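Position 39, counted from 1, in the sequence shown is what the working numbering calls 287; the numbers after and before it change by one each time, with no gaps. The beta carbon of each residue, even a glycine, is placed where N, CA and C say it ideally should be. The structure displayed is predicted, hence computed values, not measured ones. Quick notes on the structure that follows.
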Amino acid sequence: MAENYSIIQKDFFRESGKWLTTFQIWLKCFNPNLHYVYVLRKSQKHQETPFLGLFWRLVLRHFQIKYGFQIYPETKIGEGFYLGHWGMVAINPKVIIGKNCNIAQGVSIAQSNRGKQKGTPKLGDEVWVGPNAVIAGGITIGDNVIIAPNTYLSEDVPSNSLVIGNPCRIFNIANATEDYINNKV
249 MAENYSIIQK DFFRESGKWL TTFQIWLKCF NPNLHYVYVL RKSQKHQETP FLGLFWRLVL
309 RHFQIKYGFQ IYPETKIGEG FYLGHWGMVA INPKVIIGKN CNIAQGVSIA QSNRGKQKGT
369 PKLGDEVWVG PNAVIAGGIT IGDNVIIAPN TYLSEDVPSN SLVIGNPCRI FNIANATEDY
429 INNKV
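Here it is as C-alpha coordinates:
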(Lines of atoms letter the chains of each structure in order from A and count residues from 1; the text may use other names and numbers.)
(Lines give C-alpha, C1' and ligand atoms only; values in the text may rest on other atoms or scores of the structure.)
Protein backbone atom coordinates (compact mmCIF):
# COMPACT_ATOMS: atom_id res chain seq x y z
CA MET A 1 0.00 0.00 0.00
CA ALA A 2 2.81 2.44 0.82
CA GLU A 3 4.09 2.20 -2.76
CA ASN A 4 1.07 4.28 -3.91
CA TYR A 5 2.23 7.32 -1.95
CA SER A 6 4.79 10.00 -2.86
CA ILE A 7 8.14 10.21 -1.13
CA ILE A 8 6.94 13.38 0.67
CA GLN A 9 3.88 11.53 1.99
CA LYS A 10 6.15 8.70 3.17
CA ASP A 11 8.44 11.16 4.98
CA PHE A 12 5.48 12.83 6.68
CA PHE A 13 3.96 9.44 7.58
CA ARG A 14 7.04 8.83 9.73
CA GLU A 15 6.11 11.85 11.87
CA SER A 16 2.36 11.33 12.21
CA GLY A 17 1.72 7.65 11.49
CA LYS A 18 -1.06 8.79 9.12
CA TRP A 19 -1.22 9.13 5.36
CA LEU A 20 -1.76 12.83 4.76
CA THR A 21 -3.28 14.78 1.90
CA THR A 22 -1.29 17.56 0.24
CA PHE A 23 -3.24 20.13 2.27
CA GLN A 24 -2.52 18.29 5.54
CA ILE A 25 1.18 18.17 4.62
CA TRP A 26 1.19 21.93 4.03
CA LEU A 27 -0.39 22.46 7.45
CA LYS A 28 2.38 20.39 9.06
CA CYS A 29 4.99 22.58 7.33
CA PHE A 30 4.69 25.05 10.23
CA ASN A 31 7.09 22.67 11.95
CA PRO A 32 10.62 23.74 10.79
CA ASN A 33 12.06 20.23 10.40
CA LEU A 34 9.07 19.00 8.39
CA HIS A 35 9.07 22.19 6.33
CA TYR A 36 12.72 21.66 5.46
CA VAL A 37 12.14 18.00 4.47
CA TYR A 38 9.29 19.15 2.19
CA VAL A 39 11.47 21.75 0.44
CA LEU A 40 14.41 19.32 0.24
CA ARG A 41 12.26 16.67 -1.45
CA LYS A 42 10.84 19.23 -3.91
CA SER A 43 14.39 20.33 -4.70
CA GLN A 44 15.44 16.70 -5.25
CA LYS A 45 12.41 16.00 -7.45
CA HIS A 46 13.07 18.96 -9.76
CA GLN A 47 16.87 18.79 -9.72
CA GLU A 48 17.11 18.06 -13.47
CA THR A 49 14.45 20.60 -14.50
CA PRO A 50 16.06 23.94 -15.44
CA PHE A 51 13.57 26.51 -14.10
CA LEU A 52 11.89 24.52 -11.31
CA GLY A 53 15.24 23.08 -10.26
CA LEU A 54 16.72 26.56 -9.81
CA PHE A 55 13.58 27.82 -8.06
CA TRP A 56 13.51 24.98 -5.50
CA ARG A 57 17.29 25.18 -4.99
CA LEU A 58 16.97 28.90 -4.10
CA VAL A 59 14.07 28.15 -1.75
CA LEU A 60 16.10 25.35 -0.18
CA ARG A 61 19.09 27.68 0.29
CA HIS A 62 16.86 30.19 2.06
CA PHE A 63 15.65 27.54 4.51
CA GLN A 64 19.15 26.12 4.99
CA ILE A 65 20.12 29.51 6.38
CA LYS A 66 16.87 30.06 8.30
CA TYR A 67 16.67 26.62 9.98
CA GLY A 68 20.33 25.59 10.17
CA PHE A 69 20.06 22.45 8.05
CA GLN A 70 22.78 21.85 5.50
CA ILE A 71 21.43 18.96 3.45
CA TYR A 72 21.71 19.19 -0.31
CA PRO A 73 19.50 17.85 -3.13
CA GLU A 74 22.40 15.68 -4.33
CA THR A 75 22.34 13.69 -1.09
CA LYS A 76 20.75 10.30 -1.76
CA ILE A 77 18.12 9.78 0.94
CA GLY A 78 15.68 6.88 1.09
CA GLU A 79 11.98 7.24 1.76
CA GLY A 80 10.76 7.72 5.30
CA PHE A 81 13.45 10.30 6.17
CA TYR A 82 12.88 11.97 9.53
CA LEU A 83 14.59 15.00 11.05
CA GLY A 84 13.72 14.74 14.73
CA HIS A 85 14.35 18.33 15.73
CA TRP A 86 15.43 21.46 14.00
CA GLY A 87 18.90 22.74 14.66
CA MET A 88 22.24 22.49 12.96
CA VAL A 89 22.52 19.35 10.83
CA ALA A 90 25.27 19.10 8.22
CA ILE A 91 25.29 16.24 5.71
CA ASN A 92 27.79 16.04 2.86
CA PRO A 93 26.11 15.90 -0.58
CA LYS A 94 27.85 12.60 -1.41
CA VAL A 95 26.40 10.76 1.60
CA ILE A 96 23.91 7.93 1.02
CA ILE A 97 21.14 7.42 3.60
CA GLY A 98 18.78 4.42 3.54
CA LYS A 99 15.06 4.09 4.27
CA ASN A 100 13.40 5.01 7.58
CA CYS A 101 16.37 6.89 9.04
CA ASN A 102 16.17 9.41 11.87
CA ILE A 103 18.66 12.27 12.21
CA ALA A 104 18.62 14.40 15.38
CA GLN A 105 19.85 17.95 15.92
CA GLY A 106 23.55 18.78 15.92
CA VAL A 107 24.51 15.83 13.68
CA SER A 108 27.38 16.01 11.18
CA ILE A 109 27.79 13.35 8.51
CA ALA A 110 31.01 14.33 6.81
CA GLN A 111 33.58 13.47 4.20
CA SER A 112 37.14 12.53 5.12
CA ASN A 113 39.74 13.74 2.63
CA ARG A 114 42.68 11.57 3.69
CA GLY A 115 43.67 8.38 5.41
CA LYS A 116 42.32 4.86 5.14
CA GLN A 117 38.71 6.03 5.61
CA LYS A 118 38.82 8.62 2.82
CA GLY A 119 35.34 9.25 1.38
CA THR A 120 31.78 9.71 2.63
CA PRO A 121 29.55 7.53 4.84
CA LYS A 122 26.82 5.22 3.61
CA LEU A 123 24.01 4.58 6.09
CA GLY A 124 21.75 1.53 5.76
CA ASP A 125 18.02 1.29 6.45
CA GLU A 126 16.55 2.07 9.88
CA VAL A 127 19.50 3.97 11.31
CA TRP A 128 18.84 6.26 14.26
CA VAL A 129 21.46 9.00 14.73
CA GLY A 130 21.34 10.74 18.11
CA PRO A 131 21.97 14.40 18.90
CA ASN A 132 25.47 15.79 18.27
CA ALA A 133 26.80 12.58 16.73
CA VAL A 134 29.59 12.89 14.16
CA ILE A 135 29.93 10.31 11.39
CA ALA A 136 32.99 10.76 9.18
CA GLY A 137 34.80 9.00 6.38
CA GLY A 138 34.19 6.36 3.75
CA ILE A 139 32.46 3.98 6.12
CA THR A 140 29.43 1.73 5.81
CA ILE A 141 26.79 1.55 8.52
CA GLY A 142 24.50 -1.47 8.32
CA ASP A 143 20.74 -1.70 8.84
CA ASN A 144 19.03 -1.43 12.23
CA VAL A 145 21.75 0.63 13.94
CA ILE A 146 21.57 3.14 16.78
CA ILE A 147 24.29 5.78 16.97
CA ALA A 148 24.09 7.22 20.47
CA PRO A 149 24.21 10.96 21.22
CA ASN A 150 27.68 12.58 21.18
CA THR A 151 29.27 9.58 19.42
CA TYR A 152 32.20 10.03 17.05
CA LEU A 153 32.07 7.29 14.42
CA SER A 154 34.75 6.68 11.77
CA GLU A 155 34.66 2.91 11.27
CA ASP A 156 32.31 0.41 9.63
CA VAL A 157 29.36 -0.79 11.69
CA PRO A 158 27.60 -4.12 11.11
CA SER A 159 23.81 -4.37 11.00
CA ASN A 160 21.93 -4.77 14.31
CA SER A 161 24.29 -2.68 16.41
CA LEU A 162 24.48 0.03 19.03
CA VAL A 163 27.37 2.50 18.67
CA ILE A 164 28.32 4.63 21.65
CA GLY A 165 31.10 6.93 22.78
CA ASN A 166 34.28 8.64 21.65
CA PRO A 167 36.22 6.57 20.82
CA CYS A 168 33.20 4.55 19.78
CA ARG A 169 32.35 1.07 20.95
CA ILE A 170 30.08 -1.21 18.95
CA PHE A 171 27.67 -3.67 20.56
CA ASN A 172 25.59 -6.24 18.68
CA ILE A 173 21.89 -5.92 19.54
CA ALA A 174 19.30 -7.92 17.58
CA ASN A 175 16.45 -5.34 17.60
CA ALA A 176 18.52 -2.22 18.16
CA THR A 177 16.05 0.31 16.71
CA GLU A 178 12.84 -1.44 17.76
CA ASP A 179 11.52 1.43 19.93
CA TYR A 180 13.42 4.19 18.11
CA ILE A 181 12.22 3.96 14.51
CA ASN A 182 8.45 4.50 14.49
CA ASN A 183 5.95 4.45 11.63
CA LYS A 184 8.16 2.68 9.11
CA VAL A 185 7.26 2.83 5.42
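DSSP lists 351 and 395 as the bridge partner or partners of residue 377.
Here the alpha carbons of residue 416 and residue 314 stand approximately 32 Å from one another. The count of Cβ pairs closer than 8 Å, one atom from the segment 285 to 300 and one from the segment 265 to 272, stays below three, leaving the stretches out of contact. The Cβ neighbour count for residue 362, taken over all protein chains shown within 10 Å, is under 16; the residue is labelled exposed. Here residue 418 carries a strand assignment [DSSP, helix/strand/coil]. Bridge partners of residue 360 according to DSSP: 367. DSSP places residue 273 in the uninterrupted alpha helix (DSSP H) bounded by 270 to 276. Taking 8 Å as the upper bound for CB-CB distance, residue 396 and residue 412 are in contact here, some 4 Å apart. The beta-carbon distance between residue 358 and residue 340, rounded to whole angstroms, is 6 Å. This is short enough to meet the 8 Å contact definition.
Collapsing the DSSP output to three states places residue 318 in a strand. Nearest neighbour of residue 317 by Cα position, chosen from 347, 337 and 426, turns out to be 337.
By alpha-carbon distance to residue 399, the top candidate from 386, 388 and 377 is 377. Here DSSP, grouped into helix, strand and coil, assigns residue 343 to coil. Residue 338 is bridged by DSSP to 318 and 356.
Ranked by Cα distance from residue 422, the first of 432, 390, 401 and 402 is 390.
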